[in-house]
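Residue numbers (the numbering used here), protein chains in the order written: chain F, 1 to 285; chain D, 1001 to 1288.
Glycine included, C-beta positions come from ideal geometry on N, C-alpha and C.
All figures in this text were calculated on a predicted structure; none of them were measured in a lab.
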């Protein structure tokens, strides 16, 4: 159970531990591995077969997937996803860092109340705001544009990021601020030349999360985008599944793999930041 | 004032995107409104309609089952694996990354499609079942097996709460375990008397966050049932029903009432959890 207990540790043993964890890892990895390998199989080998490894690997599925759907090429969907994800990263880093600075570094009347409200939005089901938001964006003629999907990112609407940055800023030495303050620097100056450069790790974590969440987002684009030229990958993928009649599993798996590829690459490169970020939010709440 | 200057973006967003729309949806929930014309006040009409709506009852049943079963299963897996990883063996970082990965992609459309292909009639899970002499059939088309499938999908994403548990376990002072070992406490006793109390703030945090999120599951339900919530309403998750009423039938007033019921339920859950937390959540004296 815990390594400090010598009796238990001896019984479990290093080998047993590795076998057990490896077995869990195999179960956890199985669906992903199955998806990847199925993308190289003809459809009749995916359903109705228990083979994990393709017998005659083929790239046909990827050709079908890259052809796109509804006259729109795969790369167009990819570009839309990229636009939304990069826009989300810029908006989030910009607005959440400014907001977090206010909460973590400036004493002003009402701060505690606003902070409590900000944390409250972390638990607020967004369904309670989505209907009026939709009505307003509809009346402003912004449905079928990317504005409704990006505006919240530029207004620090995702409390997770503000919270993450506040947690991080609280760990930065206040003496730096005070020294700069005595030298006549204002908050804007302190924020841009002292705090921001020190925040690089948490800005990296936030950027990666913002990118991946936007990349995977399904509900927002489903709601606001009607024109398939504007679809990001998740909505395109759903259309693809609909129109290839549920039978072409090979092509569906190939498209699913292509849609996840950037996320997987991001994860492999930046896993440290992601895991560190998650661990931070759960502690010292 | 500098404070409000820095807060202005968030404040504007809070009023324009959160507080304002909340009030608007409260108002809309007392009206009949289909996006055209103007909302027509019908008082408590929508809420009365909810009480006699069998699909609403079905959606509540599906969602509450999912929250009550899926969340504890996921957290139990998260805690068990976190305890398994809480040592200094080699490969710990690797395992932690592997286990965390599904949390990042679990809600994606890609994974929902994979899940569907795996659990469909004659799919891999069906085949494995037949091989083991079990007559499962496809879980997707079976009203009594589709919920276990969703529970497996959420339990598979145990990595995020596991990372938080692991961070919490690392802060438990080792001398407590040493003292327990000296006193001759067994593993179960140590777990109950040291691990759980010392970890209780983190358990509380994970429980609250996961339960609140479980109430709001949407994407996988939508993809797997192709937006229908079938078979026989067995995957009619609450938010999917809300989406159908609001954005397929454009019954904005009724959907707003649904949203407010969800808000009240989640709010009550949060309130009750915070209220009862004093009894079982132990915050250490050395708050830094």
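message: Can you pull the chain F neighbours of residue 1081/D, defined as C-beta to C-beta under 7 angstroms?
response: Within chain F, the residues whose beta carbon sits less than 7 angstroms from that of residue 1081/D are 24, listed in sequence order.
- prompt: First and last residue of the alpha helix (DSSP H) that includes residue 1283/D?
  reply: Boundaries for residue 1283/D: no alpha helix (DSSP H) harbours it, and the DSSP string shows neither H nor E there.
message: I want to verify the contact list: residues of chain D whose CB lies under 8 angstroms from the CB of residue 152/F, in sequence order.
response: Near residue 152/F (Cβ distances below 8 angstroms), the residues of chain D are 1013, 1017.
field: Whether residue 1025/D touches residue 129/F by CB criterion (8 angstroms)
entry: Contact: yes.
message: Taking only three categories from DSSP, how would you classify residue 1228/D?
response: Here residue 1228/D carries a coil assignment [DSSP, helix/strand/coil].
message: With a threshold of 8 angstroms between beta carbons, is residue 1004/D in contact with chain F?
response: Judged by the 8 angstroms Cβ criterion, residue 1004/D is in contact with chain F.
- request: Check each candidate in 1006/D, 1062/D, 1098/D and name the one with the smallest Cα separation from residue 1233/D.
  value: The shortest C-alpha separation from residue 1233/D is found at 1062/D.
- request: Identify whether residue 158/F lies in helix, strand or coil by the three-state DSSP scheme.
  value: Three-state DSSP puts residue 158/F in coil, outside helix and strand.
Cβ contact (3+ pairs, closer than 8 angstroms) linking the region 1071-1089 of chain D and the region 1259-1268 of chain D: Counting Cβ pairs under 8 angstroms, fewer than three are found: no touch.
message: Rounding to the nearest angstrom, what Cα-Cα distance links residue 212/F and residue 79/F in this structure?
response: Near 15 angstroms, if we compare the C-alpha coordinates of residue 79/F and residue 212/F.
- prompt: In its own chain, which residues sit with a C-beta less than 6 angstroms from the C-beta of residue 1118/D, not counting the 5 before and 5 after it?
  reply: By the criterion of a C-beta distance shorter than 6 angstroms, residue 1118/D is surrounded in its chain by 1124, 1125, once the five residues flanking it on both sides are discounted.
message: Based on DSSP bridge pairs, tell me the residues matched to residue 1041/D.
response: Here residue 1041/D is bridged, per DSSP, to 1031/D.
field: Contact residues within the region 1263-1286 of chain D, judged by C-beta distance below 8 angstroms to chain F
entry: For the region 1263-1286 of chain D, the residues whose beta carbon sits under 8 angstroms from a beta carbon of chain F are, in order, 1263, 1266, 1270.
- request: Could you have a look at residue 1140/D and say whether DSSP puts it in helix, strand or coil?
  value: Reduced to three states, the DSSP call for residue 1140/D is coil.
- prompt: Can you name, in chain order, every residue of its own chain whose Cβ lies under 7 angstroms from the Cβ of residue 170/F, other than the five neighbours on each side?
  reply: Here the set comprises 104.
- prompt: CA-CA distance, residue 55/F and residue 41/F?
  reply: C-alpha separation (whole angstroms): 8 angstroms.
- prompt: alpha helix (DSSP H) containing residue 1111/D: first to last residue?
  reply: Counted as a single uninterrupted DSSP element, the alpha helix (DSSP H) harbouring residue 1111/D occupies residues 1109-1119.
- request: Could you list which residues in chain F have their beta carbon closer than 8 angstroms to that of residue 1035/D, in chain order?
  value: In chain order: 135, 138.
message: Measuring alpha carbon to alpha carbon, tell me which residue in 241/F, 120/F, 101/F is nearest residue 192/F.
response: The residue with the shortest Cα to Cα distance from residue 192/F is 101/F.
message: I need the DSSP call for residue 72/F, collapsed to helix, strand or coil.
response: Looking at residue 72/F - three-state DSSP - the assignment turns out to be strand.
message: Assuming contact is defined by CB atoms lying nearer than 8 angstroms, are residue 1101/D and residue 218/F in contact in what I supplied?
response: The answer is no: Cβ separation not under 8 angstroms.
query: What are the residues of the region 175-192 of chain F that lie near chain D, defined by any Cβ-Cβ distance shorter than 9 angstroms?
result: Flagged, chain order: 186, 187, 188, 191.
- request: Taking only beta carbons into account, state which residues of the region 1084-1097 of chain D come closer than 8 angstroms to chain F, listed in chain order.
  value: Those residues of the region 1084-1097 of chain D that come within reach of chain F (Cβ to Cβ, closer than 8 angstroms) are 1084, 1085, 1086, 1087, 1088, 1089, 1091, 1095, 1096, 1097.
- request: Would you kindly check if the distance between the Cβ of residue 1127/D and the Cβ of residue 53/F is under 8 angstroms?
  value: No, Cβ-Cβ distance for residue 53/F and residue 1127/D is not below 8 angstroms.
- prompt: Which residue's Cα is closest to the Cα of residue 1081/D: 1200/D, 1277/D, 1163/D, 1253/D?
  reply: Nearest C-alpha to residue 1081/D: 1163/D.
task: With 8 angstroms as the threshold, decide whether the Cβ of residue 1168/D is near any Cβ in chain F.
output: Yes, residue 1168/D lies at the interface with chain F (some Cβ there is under 8 angstroms from its Cβ).
- prompt: Which residues in the same chain have their Cβ closer than 6 angstroms to the Cβ of residue 96/F, if we skip the five residues on either side of it in sequence?
  reply: Excluding positions up to five away in sequence, the list reads 156, 161, 162, 165.
- prompt: Roughly how far, in whole angstroms, is the beta-carbon of residue 61/F from the beta-carbon of residue 254/F, given that I think they are within contact range, below 8 angstroms?
  reply: Taking a contact as a CB-CB distance under 8 angstroms, the pair residue 61/F and residue 254/F counts as one, their CB atoms being some 4 angstroms apart.
query: Considering residue 265/F, what are the terminal residues of the alpha helix (DSSP H) in which it resides?
result: Here the alpha helix (DSSP H) through residue 265/F covers 249-282.
- request: Output the boundary residues of the alpha helix (DSSP H) element that contains residue 1076/D.
  value: Where residue 1076/D is concerned, the enclosing alpha helix (DSSP H) starts and stops at 1071-1085.
message: Taking 8 angstroms as the threshold (C-beta atoms), are residue 236/F and residue 24/F in contact?
response: At the C-beta level, residue 24/F and residue 236/F stay beyond 8 angstroms of one another.
- prompt: Apart from the five residues on each side of it in sequence, which residues of its chain come closer than 7 angstroms, Cβ to Cβ, to residue 1281/D?
  reply: Only 1200, 1201, 1204 meet the Cβ criterion.
- request: For residue 1156/D, decide whether its Cβ has a neighbour in chain F, counting only Cβ atoms nearer than 8 angstroms.
  value: Contacts with chain F at 8 angstroms (Cβ-Cβ) include residue 1156/D.
Segment limits, alpha helix (DSSP H) that includes residue 185/F: Looking at the DSSP string, residue 185/F is not in any alpha helix (DSSP H), and its letter there is neither H nor E.
- prompt: How far does the alpha helix (DSSP H) with residue 1126/D in it reach, from first residue to last?
  reply: Residue 1126/D: member of the alpha helix (DSSP H) spanning 1124-1131, first to last residue.
Minimum length 4: unbroken alpha helix (DSSP H) runs contained in the region 1188-1255 of chain D: Entirely contained in the region 1188-1255 of chain D, the alpha helix (DSSP H) runs reaching 4 residues are, in chain order, 1196-1214, 1219-1224, 1238-1243.
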